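The sequence shown lines up with residues 1 to 185 when you count with UniProt numbering. What follows is a short report on a single structure.
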Amino acid sequence: MAEEKFPGWHGTTIVGIRKGGKVVVAGDGQVSLGQTVIKGTARKVRRLSPGGHDIVAGFAGSTADAFTLLERLEKKLESAPGQLARGCVELAKDWRMDKYLRNLEAMLIVTDGKDLFVLTGAGDVLEPEHDIAAIGSGGNYALAAARGLMETDLDAEQVARRAMAIAADICVYTNGNLTVETIGG
């Protein structure tokens with residue numbers, strides 16, 4: 001009999017919207033193990049203040065891995081205050097080169113209110129098109145919804161909240177318990 005693998009952690013949808021001089025990062029609160037919801041109120045969007053500069057980050061993937069990356073990002077930003085792009089690139093370099101970091105299973109959306117980046121487990125730093133970033137199991141649903149809502153009169157937070165509601169209606173690993181952080185403007 002083949003050894004049954006432990007079911008993987010699934011879940012989360014994080015979306016970042018830049019519109020009207022503001023950037024909003026919203027994330028759901030669901031953590032699932034296999035087909036079971038373990039927690040519905042996790043906080044996966046956080047405010048960081050390295051060197052006194054305001055940064056908002058949202059994460060998808062393993063929580064412990066994401067916290068490791070957030071801590072490393074904070075250190076990079078403390079050594080290069082106010083330079084989010086540089087800090088993200090430095091973290092991505094470490095992520096690709098370090099044997100330990102390479103095995104981390106997480107993705108990040110980060111913003112300082114001006115720049116908006118997605119950091120991937122492959123060591124990529126991506127600046128999303130259309131001022132929308134989305135990650136996690138429901139990320140593509142939130143991305144599609146947000147793209148459709150960007151041409152409306154809705155502000156960044158309203159677009160993020162509606163996109164997350166649509167993702168939660170479609171993705172079984174996403175719920176409607178949101179954490180929303182706004183920066184800029």
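Using N, Cα and C, we set each Cβ at its ideal position, and we do this for glycine too. As the structure is a computational prediction, the values presented were derived from the model and not from experiment.
Does residue i pass the burial test, meaning 16 or more other C-beta atoms within 10 Å, or should it be called exposed?
| i | result |
| --- | --- |
| T111 | buried |
| M107 | buried |
| K114 | exposed |
| I38 | exposed |
| G136 | buried |
| S32 | buried |
| A64 | exposed |
| T13 | buried |
| G34 | exposed |
| M164 | buried |
| G52 | exposed |
| D169 | exposed |
| P50 | buried |
| I166 | buried |
| F67 | exposed |
| G87 | buried |
| R161 | buried |
| W95 | buried |
In terms of residues, what are the limits of the alpha helix (DSSP H) holding residue i?
| i | result |
| --- | --- |
| V31 | Taken as a continuous stretch (DSSP letters only), V31 belongs to no alpha helix (DSSP H), being part of the beta strand (DSSP E) at 31-33. |
| K75 | 63-79 |
Taking a contact to mean a Cβ-Cβ separation below 7 Å, would you say residue i touches residue j in this structure?
| i | j | result |
| --- | --- | --- |
| N179 | G61 | In the sequence as presented, Asn is not what sits at residue 179; that position holds Thr. No, they are not a contact pair. |
| V15 | A122 | no |
| G138 | T174 | yes |
| K29 | G11 | Reading the sequence as shown, one finds Gly at residue 29 and not Lys. For G29 and G11, no; Cβs fall outside 7 Å. |
| E181 | V25 | yes |
| L48 | E74 | yes |
| F59 | K44 | yes |
| A146 | V159 | yes |
I believe residue i touches residue j by the beta-carbon criterion, under 8 Å. Please report the beta-carbon distance rounded to the nearest angstrom.
| i | j | result |
| --- | --- | --- |
| G185 | G21 | 4 Å |
| A57 | I109 | 7 Å |
| A133 | L116 | 6 Å |
| D124 | K19 | Rounded, the Cβ-Cβ distance is 24 Å, inconsistent with contact. |
| L91 | R72 | 6 Å |
Just reading off the beta strand (DSSP E) that residue i is part of, what are its end residues?
| i | result |
| --- | --- |
| L48 | 45-48 |
| E90 | Not the beta strand (DSSP E): E90 falls in the alpha helix (DSSP H), residues 84-97. |
| E181 | 179-184 |
| G16 | 13-19 |
| T36 | 36-39 |
| V23 | 22-27 |
Where in the region 110-167 do unbroken runs of the beta strand (DSSP E), each at least 3 residues long, occur, reported from the N-terminal end onward? Correct list: 116-119, 132-136.
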